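Residue numbers (the UniProt record's numbering), protein chains in the order written: chain A, 1 to 1004; chain H, 1 to 108. Notes to accompany the following structure.
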């Protein structure tokens, strides 16, 4: 029976009572409670069901290491699964529900898994894969899907806000216990910029709970004084409720600040992800108590000894009236003393050591509490609640000597330093056999950019378990790190801590020492993943010798536990099974974050519109207002078509095509990349970048050009205009502007840095509007200002001047096969020019058109599209573009590669047109052509594939382009394309130029 | 997250502001190159455990390419320098030799 005590509780405010909801029931707690302490205060000891076996589980710990007491928190858009009761601060109307239990935590249907635990041994999932396929698909997978998993995923988008915070400091100190405070004091007084993080709401760590004294007074006094001094230093920033989450290369670290979890109605972001760069990092993260491994060690009521006294002292919450303490060290006795001091019963202390003669055991004996040495817990008894423990000799196999009724069993298996942050970035550990713990090895730290260690560990995290050494270590490490960060440390600090001296621990890895298989199957090493002693021993028997393999096979220490509670106990059992020493078995890899952080904090502000900013052309808003059906094109949004209210998308596309071919179409082509290449060596440079000869291009003329990678593959295409003898304007694809500009810069900066060439990406400086169709010239003549006649502005020429009063450059280029002008105007005049065209064009039947119309018209003309006809394995020669590859140039990017035998192979798949034999059919995009033969590996032999395919409203039948083996030599032949629904579409190989093959229409 | 000094603008830069460009000091073999030279240029890259010279671009900054000398195992940065050079600067070579006596030296 757990309950609230009438007095005490250093962290709760009894004047401020709060109501909260637990599984639909209203309960009462106090400000300062955690959800865990408030639940215990209301006698809620059964919190949830376990992951695999759905065993009843209660609260085990009092900090982030809690493996069991995970709940669903909040509702609707604020719902979050797997929140730890131990790290959740209580607030008014908090709403929490049990997990992994249906219909209720007290009566859980899936509890039958416990009975089946024999069929869920280590490696169960892997073993199910070995069954026949049907068994996995129809038997195991559906069952596992329903039964497994931790919590339930939220169903609505997260309603909260999150943000990033950046900090650059001399010293980042993680952990606000006395070691962290001492180090901060040292560095702060020296003038270093210090950021001190504490994951809880409170400073001082365990020292006040464990009764340490500093300078002869209670530790809390020193903590208060130190905090006040640090708070007054402008160079020191203190952040509570902020966890040091991860340590990364070169002094980079992340912090996780929980701003409003404890006050959900407060304004501002919920979480902050601190992105910190520090010269030195001190990890003063403390230690975590280990459970003991005995049968039934997961029954609600079995708790860590330190947690029991945390609840007593910090929250005035009794975890049970009648306590049994099981321990292998002196520190556990502090819990017996605390229980007794609170007026509660300590039925017995079970100490596995042969003798317990330290000061703390003697104090306990003096209170009349029976201390049994050399004894072990044979088993904890009970189901949903602990009822009793049976006692046996530690040395034996578990013959029961005595049964002791109790409702709480406090266990202490010793302490493990929290070495996660030290290890994240490669810091190594060594095994301290005396203290039975892995400690940071200061000779093998994580190394920074300058080759020196940049992380230090102080206090309990460094293996110091008594207050005196913890404080001294805090000062020492603080001094060392201060000097390394480039500051003078100043006079030494003389503060001294004292605590009751302790006798050494005796490592106990299972209780009793000779426990048999039955007990092993009820002894949990990893509560969160339901891994038992029997699982690790089975893994060892099945040949898993590496700790990393055993971890994956058994799931020991996986997920959010990250080895906090399970690691050392599991390693020790594995070492014992393998007849090896613990340090030889080693630890698994500690990975960041130390404790789960919210996905929201990782995303920060990068969600919705801010996830990736959209590039908008100067005409964007007009398009949005006029039926533009947007599709993403690289970072841009372009209209697929302009849909009218009475038509479908495909009807809109057809209308736009027919109108453009008959009257005038208007296309916003502003997204095309525009790069200026200028300088005395510009021609020479252009000749290297393009496969064509660009240096001979006459001023005032345009030329279609191709760019290849050094591997010979086609990378981008576009029209180049020569503005003057030193200056070229290169058009790139819409998606290619940044990439091609970077490509040019890379060559200029890293290969031909002595060439006098300058490049500028001016894509956003211009709006580019294509006026397309047989009546295009009429419109421009009506707008006036420039002679756009065929004589003055012939095909593939351009002119600078003014059109309709707006400064313009008109290019005579065509991607549709029609008479076409692309008019570039300053971006700021783009909308005005567009409006002018729309208005003046009305009498000629002008309509705007979108990208799908553009695509169909270019396919009707057999023009390739980068990304459709190319995929990074296609060379220009495959596409019938040999005419655009200079034979005169000594070199260009890709030239050497295209001379390789495979590139010259006559059997390469090459571009052809494809016309379905049946006019009503359209070949699916990406379809493969087959020749009816079967390859050695049993698949159909493929001889080509479709790269672009459309219905052509101009021609009234389906058209396609594709790459076909020996295609150009097979004109008129018919080939077959199987479709996904099992049909076959037959098509005739033809010229890819379906429309106006002579090019008469564009050249008028 | 690596922290490199951009020699062009002098700033210490986070890795997320940079673009990695692979091995530095590669000789381009273009038209007319032998098969072996071309293969070497296009495909063969060093993958040393230790001292390595590599290219980076300060892409979310000044936009300039630079070179860095770095240890691939400890991530120690020996120095960064201009990309407009055919070999690493001599003082840098001397510095690395001092720090890593077992290093066989710069080879193109």
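Just so it is clear, CB atoms sit at the ideal spot from N, CA and C, and this is done for glycine as well. Since the structure is predicted, the reported quantities are computational estimates derived from the model, not experimental observations.
Residue from the options whose Cα sits closest to the Cα of residue i
i	options	result
residue 44 of chain H	H:58, H:68, H:27, H:31	H:27
residue 750 of chain A	H:21, H:105, H:69	H:21
residue 54 of chain A	A:45, A:106, A:25	A:106
residue 625 of chain A	A:453, A:615, A:612, A:643	A:643
residue 743 of chain A	A:407, A:715, A:203, A:196	A:715
residue 18 of chain A	A:249, A:210, A:263, A:64	A:263
residue 967 of chain A	A:703, A:213, A:991	A:991
residue 470 of chain A	A:460, A:479, A:549	A:460
residue 82 of chain H	H:46, H:74, H:69	H:69
residue 256 of chain A	A:250, A:164, A:232	A:164
residue 498 of chain A	A:211, A:699, A:816	A:211
residue 589 of chain A	A:613, A:619, A:548, A:556	A:548
residue 518 of chain A	A:869, A:446, A:535	A:535
residue 45 of chain A	A:385, A:454, A:894, A:937	A:385
residue 737 of chain A	A:707, A:724, A:331, A:725	A:707
residue 667 of chain A	A:611, A:772, A:936, A:1004	A:772
residue 704 of chain A	A:691, A:712, A:710	A:691
residue 423 of chain A	A:503, A:415, A:401, A:446	A:446
residue 899 of chain A	H:39, H:19, H:13, H:77	H:39
residue 7 of chain A	A:25, A:1, A:30, A:24	A:30
Partners in chain H for residue i, counting only beta-carbon separations shorter than 7 Å
i	result
residue 228 of chain A	Within 7 Å Cβ-Cβ: nothing; residue 228 of chain A doesn't reach chain H, min ~34 Å.
residue 711 of chain A	42
residue 891 of chain A	30, 31
Strand pairing of residue i, partner residues [DSSP]
i	result
residue 758 of chain A	A:678
residue 204 of chain A	A:177
residue 19 of chain H	H:57
residue 741 of chain A	None; residue 741 of chain A has no bridge partner.
residue 910 of chain A	A:964
residue 724 of chain A	A:727
residue 915 of chain A	A:988
residue 659 of chain A	None; residue 659 of chain A has no bridge partner.
residue 419 of chain A	Beta-bridge pairing links residue 419 of chain A to no other residue.
residue 13 of chain H	H:4
residue 70 of chain A	A:84
residue 517 of chain A	The partner list for residue 517 of chain A (beta bridge, DSSP) is empty, contrary to what the question assumes.
residue 768 of chain A	A:824
Closer than 9 Å at the beta carbon, the chain A residues around residue i
i	result
residue 10 of chain H	Within chain A, no residue comes near residue 10 of chain H; the closest Cβ sits about 16 Å away, beyond 9 Å.
residue 84 of chain H	749, 750, 753, 754
residue 65 of chain H	745, 746, 749, 750
Contact list for residue i against chain A, beta-carbon separation under 8 Å
i	result
residue 74 of chain H	447, 451
residue 99 of chain H	451
residue 55 of chain H	750
Amino acids of chain H, ordered along the chain, whose beta-carbon sits closer than 9 Å to that of residue i
i	result
residue 249 of chain A	1, 2, 3, 15, 75
residue 277 of chain A	1, 3, 12, 14
residue 252 of chain A	1, 2, 3, 14, 15
CB-CB length for residue i against residue j, believed under 8 Å
i	j	result
residue 356 of chain A	residue 373 of chain A	5 Å
residue 767 of chain A	residue 815 of chain A	About 17 Å separates the two Cβ atoms, so there is no contact after all.
residue 196 of chain A	residue 179 of chain A	Rounded, the Cβ-Cβ distance is 11 Å, inconsistent with contact.
residue 25 of chain H	residue 86 of chain H	7 Å
residue 568 of chain A	residue 290 of chain A	6 Å
Residue i beta carbon near the ligand ATP (any heavy atom closer than 7 Å)
i	result
residue 54 of chain A	No copy of the ligand ATP occurs in the structure displayed, which carries no ligand at all.
7 Å Cβ cut-off: residues of chain A touching residue i
i	result
residue 38 of chain H	896
Minimum length 3: unbroken beta strand (DSSP E) runs contained in the segment 421 to 488 of chain A: For the segment 421 to 488 of chain A, whole beta strand (DSSP E) runs of length 3 or above, ordered along the chain, are 429 to 432, 437 to 440, 455 to 457.
Within the segment 575 to 636 of chain A, ranges of the beta strand (DSSP E) (whole runs, at least 3 residues): The segment 575 to 636 of chain A contains these whole beta strand (DSSP E) runs: 628 to 633.
Segments of 4+ residues assigned as alpha helix (DSSP H) that fall wholly inside the segment 266 to 333 of chain A: If we require 4 residues or more, the alpha helix (DSSP H) runs fully inside the segment 266 to 333 of chain A come out as 305 to 315.
Completely contained beta strand (DSSP E) runs for the segment 190 to 250 of chain A, where each covers 3 or more residues: Fully enclosed beta strand (DSSP E) runs of 3 or longer: 194 to 197, 236 to 239, 242 to 248.
Contiguous beta strand (DSSP E) assignments of at least 3 residues, all confined to the segment 357 to 410 of chain A: Correct list: 371 to 373, 375 to 382, 386 to 393, 402 to 405.
Within the segment 838 to 884 of chain A, ranges of the beta strand (DSSP E) (whole runs, at least 3 residues): Qualifying beta strand (DSSP E) stretches, in chain order: 846 to 848.
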